[in-house]
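Going by this note's numbering, the letters in the sequence shown line up with residues 4 to 93, in that order.
Note that CB positions come from ideal geometry on N, CA and C, so glycine has one too.
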Amino acid sequence: MIAASSAVSIRAMDRVTEYRGFDIHVDLHLASRDMFDVWFQIEGPMSPPGVAAIGKRIKVFGGPYSRRWAYLVAELAGRAAVDVILGPEE
């Protein structure tokens, strides 16, 4: 019999939303029963100089979260990152 390691993360689901011309990818991994660690990644039409995070997966701190909270906090983190890159909407 093979014992499963508690360190193994099971991928749950991906979601992609669009915000101000950028795609925000959200990636959930099962951490424990009904709780998820979450990462986000932004991809877009530009890669401004000095912005190293575009296209890189970034783990959202403070987890694990329930499924709904995981999607919410990751999407908000992604939107905040896009707002920092583009500045305020006019």
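With contact defined as three or more Cβ pairs closer than 8 Å, the segment 28-40 and the segment 66-77 are in contact. Beta-carbon to beta-carbon, Ile-27 and Phe-43 are separated by about 6 Å, close enough to satisfy the 8 Å threshold. Residue nearest to Glu-93 within the set Val-19, Arg-23, Arg-18 and Asp-17 is Arg-23 (criterion: CA-CA distance).
Assignment of Ala-56 by DSSP, reduced to helix, strand and coil, places it in the coil class. DSSP, reduced to helix, strand and coil, places Val-63 outside both helices and strands of the structure shown, so it counts as coil.
A direct Cα-to-Cα measurement between Ile-57 and Phe-25 gives close to 10 Å. Beta-bridge partners assigned by DSSP to Val-76: none are found. In the three-state reduction of the DSSP assignment, Asp-37 falls in the coil class.
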